[in-house]
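Participant: Take 342 as the starting number for the sequence shown in our numbering and just add one per residue. Note that CB positions come from ideal geometry on N, CA and C, so glycine has one too. Please find one structure pasted underneath; my questions will follow.
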Amino acid sequence: MKFVKLLPALALGMAFAAQADINVGVTLSATGPAASLGIPEKNTFELLPTSIGGEKINWIVLDDASDTTRAVTNTRRFLSENKVDVVVGSTITPNSLAMVDVVADGETPMISMAASARIVDPANPKTRWVFKTPQSDSLMADAIAVHMKANGVKTMGYIGFADAYGDGWLAEIKRSAQTAGIKVVAEEKYNRADPSVTGQVLKLVSANPDAILIGAAGTPGATPQKELVARNYKGKVYQTHGVANPDFLRVVGKDGNGTVLPSGPMLVYEQLPDSNPVKKVAAEYITKYEQKFGTRSTFGGHAYDTYLLLNQAIPVALKKAKPGTKEFRAALRDALENTTVVATHGVFVMTPTDHNGFDNRARVMVKIDNGKWMLTK
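Shown next as C-alpha coordinates:
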(Lines of atoms letter the chains of each structure in order from A and count residues from 1; the text may use other names and numbers.)
(Lines give C-alpha, C1' and ligand atoms only; values in the text may rest on other atoms or scores of the structure.)
Protein backbone atom coordinates (compact mmCIF):
# COMPACT_ATOMS: atom_id res chain seq x y z
CA MET A 1 0.00 0.00 0.00
CA LYS A 2 1.33 3.42 -0.88
CA PHE A 3 0.81 6.35 1.46
CA VAL A 4 1.76 9.95 0.83
CA LYS A 5 2.24 12.45 3.65
CA LEU A 6 2.67 15.83 2.03
CA LEU A 7 5.43 14.66 -0.30
CA PRO A 8 4.75 16.32 -3.67
CA ALA A 9 7.44 14.51 -5.62
CA LEU A 10 6.32 11.07 -4.49
CA ALA A 11 2.66 11.84 -5.12
CA LEU A 12 3.38 13.17 -8.59
CA GLY A 13 5.57 10.20 -9.38
CA MET A 14 2.84 7.82 -8.34
CA ALA A 15 0.38 9.51 -10.65
CA PHE A 16 2.61 8.99 -13.69
CA ALA A 17 3.95 5.56 -12.68
CA ALA A 18 0.54 4.01 -12.17
CA GLN A 19 -1.62 5.35 -14.98
CA ALA A 20 -3.66 2.12 -15.13
CA ASP A 21 -4.15 1.89 -11.37
CA ILE A 22 -7.16 3.18 -9.48
CA ASN A 23 -6.07 6.23 -7.51
CA VAL A 24 -8.00 7.23 -4.41
CA GLY A 25 -7.18 10.60 -2.85
CA VAL A 26 -7.84 10.69 0.88
CA THR A 27 -7.75 13.93 2.89
CA LEU A 28 -8.37 13.58 6.62
CA SER A 29 -7.76 15.46 9.86
CA ALA A 30 -4.91 13.54 11.48
CA THR A 31 -3.75 16.67 13.33
CA GLY A 32 -5.49 19.76 14.70
CA PRO A 33 -8.68 19.90 16.81
CA ALA A 34 -10.23 16.91 15.00
CA ALA A 35 -7.17 14.66 15.34
CA SER A 36 -8.95 12.20 17.63
CA LEU A 37 -11.34 11.57 14.74
CA GLY A 38 -8.84 11.61 11.89
CA ILE A 39 -6.19 9.35 13.42
CA PRO A 40 -8.40 6.22 13.55
CA GLU A 41 -9.45 6.98 9.96
CA LYS A 42 -5.79 7.19 8.92
CA ASN A 43 -5.06 3.95 10.77
CA THR A 44 -7.93 2.23 8.98
CA PHE A 45 -6.60 3.10 5.52
CA GLU A 46 -3.40 1.26 6.47
CA LEU A 47 -5.49 -1.91 6.90
CA LEU A 48 -7.21 -1.81 3.52
CA PRO A 49 -6.51 -4.14 0.59
CA THR A 50 -4.34 -2.92 -2.27
CA SER A 51 -6.63 -4.16 -5.01
CA ILE A 52 -10.33 -4.12 -5.86
CA GLY A 53 -11.94 -5.96 -8.75
CA GLY A 54 -8.55 -7.23 -9.85
CA GLU A 55 -7.15 -3.70 -10.22
CA LYS A 56 -4.42 -2.17 -8.07
CA ILE A 57 -5.56 0.57 -5.64
CA ASN A 58 -3.32 3.44 -4.58
CA TRP A 59 -4.60 5.02 -1.36
CA ILE A 60 -3.01 8.50 -1.45
CA VAL A 61 -3.44 9.88 2.08
CA LEU A 62 -2.86 13.51 3.07
CA ASP A 63 -3.42 15.31 6.37
CA ASP A 64 -5.51 18.50 6.19
CA ALA A 65 -4.79 19.41 9.85
CA SER A 66 -8.53 20.01 10.51
CA ASP A 67 -8.22 23.09 8.32
CA THR A 68 -10.73 23.96 5.59
CA THR A 69 -8.17 25.63 3.31
CA ARG A 70 -5.82 22.64 3.55
CA ALA A 71 -8.66 20.26 2.73
CA VAL A 72 -9.47 22.22 -0.44
CA THR A 73 -5.79 22.43 -1.38
CA ASN A 74 -5.41 18.66 -0.95
CA THR A 75 -8.49 18.04 -3.07
CA ARG A 76 -7.26 20.28 -5.88
CA ARG A 77 -3.93 18.52 -5.79
CA PHE A 78 -5.59 15.10 -6.01
CA LEU A 79 -7.41 16.17 -9.17
CA SER A 80 -4.61 18.08 -10.88
CA GLU A 81 -1.50 16.07 -9.93
CA ASN A 82 -2.62 12.60 -8.87
CA LYS A 83 -5.48 12.31 -11.39
CA VAL A 84 -7.55 10.47 -8.83
CA ASP A 85 -10.65 8.49 -9.71
CA VAL A 86 -12.37 9.30 -6.41
CA VAL A 87 -11.79 11.59 -3.43
CA VAL A 88 -12.40 10.44 0.15
CA GLY A 89 -12.79 12.94 3.00
CA SER A 90 -12.66 15.00 4.87
CA THR A 91 -13.09 14.05 8.51
CA ILE A 92 -15.17 17.08 9.52
CA THR A 93 -18.18 18.90 8.13
CA PRO A 94 -16.65 22.35 7.36
CA ASN A 95 -13.86 20.75 5.33
CA SER A 96 -16.19 18.43 3.46
CA LEU A 97 -18.60 21.21 2.55
CA ALA A 98 -15.70 23.28 1.19
CA MET A 99 -14.59 20.36 -1.00
CA VAL A 100 -17.95 19.90 -2.74
CA ASP A 101 -17.44 22.64 -5.34
CA VAL A 102 -13.99 21.31 -6.23
CA VAL A 103 -15.06 17.73 -6.91
CA ALA A 104 -18.22 18.85 -8.72
CA ASP A 105 -16.23 21.11 -11.03
CA GLY A 106 -13.77 18.25 -11.59
CA GLU A 107 -16.61 15.75 -12.15
CA THR A 108 -14.99 13.38 -9.65
CA PRO A 109 -16.95 11.34 -7.11
CA MET A 110 -16.32 12.07 -3.43
CA ILE A 111 -17.13 10.07 -0.30
CA SER A 112 -17.15 12.25 2.81
CA MET A 113 -16.48 10.94 6.31
CA ALA A 114 -18.35 13.84 7.98
CA ALA A 115 -21.86 13.92 9.38
CA SER A 116 -23.87 16.93 8.18
CA ALA A 117 -26.82 16.16 5.94
CA ARG A 118 -25.92 19.31 3.99
CA ILE A 119 -22.94 17.48 2.49
CA VAL A 120 -25.31 15.36 0.39
CA ASP A 121 -28.26 17.76 0.19
CA PRO A 122 -30.15 16.71 -2.98
CA ALA A 123 -31.33 20.31 -3.42
CA ASN A 124 -27.74 21.24 -4.31
CA PRO A 125 -27.01 19.98 -7.85
CA LYS A 126 -23.28 19.77 -7.10
CA THR A 127 -23.84 17.03 -4.54
CA ARG A 128 -24.69 14.59 -7.33
CA TRP A 129 -20.96 13.80 -7.16
CA VAL A 130 -20.88 13.51 -3.36
CA PHE A 131 -21.66 10.62 -1.00
CA LYS A 132 -20.96 10.12 2.68
CA THR A 133 -20.56 7.29 5.19
CA PRO A 134 -21.46 8.73 8.64
CA GLN A 135 -25.02 8.90 9.87
CA SER A 136 -26.54 12.31 9.17
CA ASP A 137 -27.17 14.73 12.02
CA SER A 138 -30.87 14.64 11.10
CA LEU A 139 -31.12 10.87 11.70
CA MET A 140 -29.29 11.11 15.03
CA ALA A 141 -31.16 14.22 16.22
CA ASP A 142 -34.43 12.32 15.87
CA ALA A 143 -33.04 9.53 18.07
CA ILE A 144 -32.01 12.03 20.76
CA ALA A 145 -35.41 13.74 20.78
CA VAL A 146 -37.23 10.42 21.05
CA HIS A 147 -34.99 9.39 23.96
CA MET A 148 -35.48 12.75 25.69
CA LYS A 149 -39.26 12.54 25.41
CA ALA A 150 -39.31 8.97 26.71
CA ASN A 151 -37.28 10.11 29.73
CA GLY A 152 -39.49 13.04 30.67
CA VAL A 153 -37.51 15.90 29.15
CA LYS A 154 -39.71 18.92 28.44
CA THR A 155 -37.08 21.67 28.10
CA MET A 156 -33.56 21.53 26.71
CA GLY A 157 -30.51 23.69 26.19
CA TYR A 158 -27.90 23.46 23.45
CA ILE A 159 -24.20 24.30 23.20
CA GLY A 160 -22.28 23.42 20.06
CA PHE A 161 -19.45 24.31 17.73
CA ALA A 162 -19.59 27.72 16.08
CA ASP A 163 -19.21 26.19 12.64
CA ALA A 164 -21.15 24.16 10.09
CA TYR A 165 -21.21 21.07 12.33
CA GLY A 166 -22.68 22.94 15.30
CA ASP A 167 -25.06 24.97 13.16
CA GLY A 168 -26.32 21.84 11.45
CA TRP A 169 -26.95 20.10 14.75
CA LEU A 170 -28.75 23.11 16.19
CA ALA A 171 -31.09 23.24 13.21
CA GLU A 172 -31.78 19.50 13.33
CA ILE A 173 -32.34 19.26 17.09
CA LYS A 174 -34.72 22.23 16.95
CA ARG A 175 -36.74 20.39 14.30
CA SER A 176 -36.66 17.10 16.20
CA ALA A 177 -37.41 18.73 19.56
CA GLN A 178 -40.43 20.56 18.18
CA THR A 179 -41.80 17.29 16.81
CA ALA A 180 -41.30 15.69 20.24
CA GLY A 181 -42.92 18.60 22.09
CA ILE A 182 -39.66 19.69 23.74
CA LYS A 183 -38.87 23.40 24.09
CA VAL A 184 -35.34 24.70 23.40
CA VAL A 185 -34.83 27.36 26.11
CA ALA A 186 -31.14 28.27 25.63
CA GLU A 187 -28.58 28.19 22.81
CA GLU A 188 -24.83 28.76 23.05
CA LYS A 189 -21.81 28.31 20.77
CA TYR A 190 -18.06 27.86 21.16
CA ASN A 191 -15.00 27.28 18.99
CA ARG A 192 -13.34 23.89 18.71
CA ALA A 193 -10.08 25.21 20.16
CA ASP A 194 -11.62 27.25 23.00
CA PRO A 195 -9.97 26.31 26.33
CA SER A 196 -12.96 27.48 28.38
CA VAL A 197 -16.72 27.84 27.96
CA THR A 198 -17.55 29.11 31.44
CA GLY A 199 -19.67 32.05 30.25
CA GLN A 200 -21.77 29.93 27.93
CA VAL A 201 -22.32 27.21 30.52
CA LEU A 202 -23.37 29.69 33.20
CA LYS A 203 -26.08 30.96 30.84
CA LEU A 204 -27.24 27.41 30.14
CA VAL A 205 -27.36 26.47 33.81
CA SER A 206 -29.29 29.63 34.68
CA ALA A 207 -31.97 28.62 32.13
CA ASN A 208 -32.33 25.36 34.12
CA PRO A 209 -33.34 23.04 31.23
CA ASP A 210 -34.20 19.40 31.88
CA ALA A 211 -31.43 18.34 29.49
CA ILE A 212 -28.53 19.82 27.53
CA LEU A 213 -27.24 18.61 24.18
CA ILE A 214 -23.59 19.28 23.34
CA GLY A 215 -23.22 19.59 19.55
CA ALA A 216 -19.53 18.78 19.26
CA ALA A 217 -17.12 16.17 17.94
CA GLY A 218 -13.95 14.63 19.34
CA THR A 219 -12.14 15.74 22.47
CA PRO A 220 -13.42 19.37 22.29
CA GLY A 221 -16.81 17.91 23.19
CA ALA A 222 -15.49 17.34 26.71
CA THR A 223 -14.96 21.06 27.41
CA PRO A 224 -18.61 22.03 28.06
CA GLN A 225 -19.33 18.66 29.66
CA LYS A 226 -16.68 19.12 32.33
CA GLU A 227 -17.82 22.70 32.91
CA LEU A 228 -21.42 21.57 33.39
CA VAL A 229 -20.28 19.12 36.06
CA ALA A 230 -18.16 21.82 37.72
CA ARG A 231 -21.22 24.09 37.83
CA ASN A 232 -23.27 21.34 39.48
CA TYR A 233 -25.76 20.97 36.64
CA LYS A 234 -28.19 18.20 37.62
CA GLY A 235 -30.07 17.67 34.37
CA LYS A 236 -29.43 15.05 31.69
CA VAL A 237 -26.48 15.54 29.33
CA TYR A 238 -26.53 14.34 25.73
CA GLN A 239 -23.73 14.29 23.18
CA THR A 240 -23.72 13.61 19.43
CA HIS A 241 -22.18 10.62 17.69
CA GLY A 242 -19.22 12.91 17.06
CA VAL A 243 -17.69 11.96 20.43
CA ALA A 244 -17.89 8.18 20.03
CA ASN A 245 -14.16 7.56 20.36
CA PRO A 246 -11.76 6.51 23.13
CA ASP A 247 -9.97 9.87 23.28
CA PHE A 248 -13.20 11.57 24.31
CA LEU A 249 -13.65 9.03 27.10
CA ARG A 250 -10.07 9.67 28.24
CA VAL A 251 -10.44 13.45 28.29
CA VAL A 252 -13.93 13.66 29.81
CA GLY A 253 -13.09 11.08 32.47
CA LYS A 254 -15.59 10.55 35.29
CA ASP A 255 -17.44 13.72 34.25
CA GLY A 256 -18.85 11.74 31.33
CA ASN A 257 -20.70 9.19 33.45
CA GLY A 258 -24.38 9.00 32.60
CA THR A 259 -24.03 10.83 29.29
CA VAL A 260 -26.32 9.51 26.54
CA LEU A 261 -25.67 9.70 22.80
CA PRO A 262 -26.68 8.06 19.54
CA SER A 263 -23.98 5.97 17.89
CA GLY A 264 -23.37 3.64 15.03
CA PRO A 265 -23.98 0.05 16.17
CA MET A 266 -20.34 -0.97 15.61
CA LEU A 267 -19.35 0.84 18.83
CA VAL A 268 -21.17 -1.79 20.91
CA TYR A 269 -21.37 -4.63 18.42
CA GLU A 270 -20.78 -7.29 21.12
CA GLN A 271 -24.01 -6.16 22.79
CA LEU A 272 -26.09 -6.52 19.61
CA PRO A 273 -28.22 -9.60 18.91
CA ASP A 274 -26.72 -12.06 16.43
CA SER A 275 -29.61 -11.30 14.09
CA ASN A 276 -28.34 -7.73 13.56
CA PRO A 277 -26.81 -7.66 10.04
CA VAL A 278 -24.11 -5.19 11.12
CA LYS A 279 -22.67 -7.38 13.87
CA LYS A 280 -20.55 -9.68 11.69
CA VAL A 281 -19.09 -6.90 9.51
CA ALA A 282 -18.32 -4.74 12.55
CA ALA A 283 -16.66 -7.64 14.34
CA GLU A 284 -14.40 -8.42 11.37
CA TYR A 285 -13.26 -4.80 11.06
CA ILE A 286 -12.83 -4.13 14.78
CA THR A 287 -10.86 -7.34 15.30
CA LYS A 288 -8.35 -6.28 12.64
CA TYR A 289 -8.21 -2.70 13.91
CA GLU A 290 -7.76 -3.50 17.58
CA GLN A 291 -5.07 -6.10 16.89
CA LYS A 292 -2.89 -3.40 15.33
CA PHE A 293 -4.00 -0.07 16.76
CA GLY A 294 -5.87 -0.70 20.01
CA THR A 295 -9.29 0.56 21.07
CA ARG A 296 -11.95 1.03 18.41
CA SER A 297 -13.39 4.34 17.24
CA THR A 298 -16.54 4.82 15.22
CA PHE A 299 -14.58 7.17 12.98
CA GLY A 300 -12.34 4.36 11.82
CA GLY A 301 -15.56 2.57 10.90
CA HIS A 302 -16.57 5.47 8.67
CA ALA A 303 -13.28 5.05 6.80
CA TYR A 304 -13.74 1.29 6.48
CA ASP A 305 -17.25 1.83 5.16
CA THR A 306 -15.86 3.97 2.32
CA TYR A 307 -13.83 0.92 1.31
CA LEU A 308 -16.93 -1.31 1.45
CA LEU A 309 -18.78 1.10 -0.84
CA LEU A 310 -15.88 1.28 -3.29
CA ASN A 311 -15.39 -2.50 -3.18
CA GLN A 312 -18.98 -2.86 -4.38
CA ALA A 313 -19.02 -0.01 -6.90
CA ILE A 314 -15.60 -0.23 -8.58
CA PRO A 315 -16.15 -3.64 -10.24
CA VAL A 316 -19.39 -2.28 -11.73
CA ALA A 317 -17.64 0.83 -13.07
CA LEU A 318 -14.78 -1.24 -14.51
CA LYS A 319 -17.26 -2.91 -16.86
CA LYS A 320 -17.89 0.46 -18.51
CA ALA A 321 -14.54 2.26 -18.56
CA LYS A 322 -10.87 2.19 -17.60
CA PRO A 323 -9.48 3.93 -14.50
CA GLY A 324 -7.94 7.35 -15.01
CA THR A 325 -10.64 8.48 -17.44
CA LYS A 326 -13.59 10.83 -17.23
CA GLU A 327 -15.81 7.95 -18.28
CA PHE A 328 -14.63 5.81 -15.36
CA ARG A 329 -15.28 8.57 -12.84
CA ALA A 330 -18.80 9.01 -14.19
CA ALA A 331 -19.40 5.26 -14.15
CA LEU A 332 -18.13 5.06 -10.57
CA ARG A 333 -20.48 7.86 -9.51
CA ASP A 334 -23.39 6.03 -11.11
CA ALA A 335 -22.41 2.76 -9.45
CA LEU A 336 -22.12 4.36 -6.01
CA GLU A 337 -25.57 5.84 -6.46
CA ASN A 338 -27.03 2.36 -6.84
CA THR A 339 -25.04 0.51 -4.18
CA THR A 340 -26.53 -1.57 -1.38
CA VAL A 341 -24.08 -3.00 1.15
CA VAL A 342 -24.00 -4.07 4.79
CA ALA A 343 -21.35 -1.98 6.54
CA THR A 344 -19.94 -1.47 10.04
CA HIS A 345 -22.41 1.30 10.87
CA GLY A 346 -25.56 0.11 9.12
CA VAL A 347 -26.91 -0.92 5.75
CA PHE A 348 -26.25 1.48 2.87
CA VAL A 349 -29.06 1.69 0.35
CA MET A 350 -27.89 4.47 -1.96
CA THR A 351 -30.33 6.07 -4.39
CA PRO A 352 -30.28 9.12 -6.70
CA THR A 353 -32.01 11.13 -3.95
CA ASP A 354 -30.17 9.66 -0.95
CA HIS A 355 -26.36 9.66 -1.06
CA ASN A 356 -26.04 8.49 2.54
CA GLY A 357 -28.49 5.61 2.35
CA PHE A 358 -28.84 4.90 6.07
CA ASP A 359 -32.04 4.17 8.00
CA ASN A 360 -32.73 3.44 11.68
CA ARG A 361 -30.53 0.34 11.53
CA ALA A 362 -27.57 2.74 11.57
CA ARG A 363 -28.17 4.02 15.08
CA VAL A 364 -28.37 2.81 18.66
CA MET A 365 -28.50 4.76 21.92
CA VAL A 366 -25.56 4.29 24.26
CA LYS A 367 -24.70 5.53 27.74
CA ILE A 368 -21.27 6.17 29.23
CA ASP A 369 -20.89 4.01 32.33
CA ASN A 370 -17.56 4.24 34.18
CA GLY A 371 -15.61 4.89 31.00
CA LYS A 372 -17.40 2.26 28.91
CA TRP A 373 -20.02 2.41 26.17
CA MET A 374 -23.18 0.59 27.17
CA LEU A 375 -26.22 -0.06 24.98
CA THR A 376 -29.28 1.65 26.46
CA LYS A 377 -32.91 2.35 25.60
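Is residue 569 close to chain C, meaning its C-beta is less than 9 Å from at least one C-beta of that chain?
Facilitator: Structure shown: chain C not included; a single protein chain is present.
Participant: Let's test the definition: count the other Cβ atoms within 10 Å of the Cβ of residue 374 and tell me whether it reaches 16, buried, or not, exposed.
Facilitator: That one is buried.
Participant: Would residue 484 and residue 518 be called neighbours here (beta carbons separated by less than 9 Å)?
Facilitator: No, these two residues do not count as a Cβ contact at 9 Å.
Participant: Within this structure, are the beta carbons of residue 498 and residue 531 separated by less than 9 Å?
Facilitator: No, the pair does not count as a contact, with Cβ atoms beyond the cut-off.
Participant: Would you decide whether residue 513 is buried or exposed? Buried here means 16 or more other CB atoms lie within 10 Å of its CB.
Facilitator: Residue 513 should be labelled buried.
Participant: Where does residue 464 land, buried or exposed, given buried means 16+ other C-beta within 10 angstroms?
Facilitator: By the neighbour-count rule (16 or more Cβ atoms within 10 Å), residue 464 is not buried but exposed.
Participant: Taking C-alpha atoms, which residue in 520, 671 and 459 lies nearest to residue 661?
Facilitator: Answer by Cα proximity: 671.
Participant: So what does DSSP say about residue 669, is it helix, strand or coil?
Facilitator: It is helical.
Participant: How far does the alpha helix (DSSP H) with residue 604 in it extend, from its first residue to its last?
Facilitator: That residue, residue 604, is in no alpha helix (DSSP H); its beta strand (DSSP E) goes 601 to 604.
Participant: Under a three-way DSSP split, which group does residue 368 fall into?
Facilitator: The answer is strand: DSSP assigns residue 368 an E or B state.
Participant: Counting Cβ pairs closer than 8 Å, one from the region 681 to 693 and one from the region 550 to 557, do we hit at least three?
Facilitator: At 8 Å Cβ cutoff, the stretches do not touch.
Participant: Where does residue 607 sit, in a helix, a strand or coil, going by DSSP?
Facilitator: The answer is helix: DSSP assigns residue 607 an H, G or I state.
Participant: Under three-state DSSP, which class holds residue 485?
Facilitator: Residue state, collapsed to three classes: helix.
Participant: Measure the CB-CB distance between residue 704 and residue 480 and report whether it falls below 9 Å.
Facilitator: Yes, the Cβ-Cβ distance between residue 704 and residue 480 is below 9 Å.
Participant: Within the continuous alpha helix (DSSP H) that includes residue 446, where are the two ends?
Facilitator: Residues 434 to 446.
Participant: Who are the near neighbours of residue 715 in its chain, counting only those whose CB is closer than 8 Å to its CB and skipping five residues on each side?
Facilitator: So the list reads 609, 612, 707, 708 and 709, once near-sequence residues are dropped.
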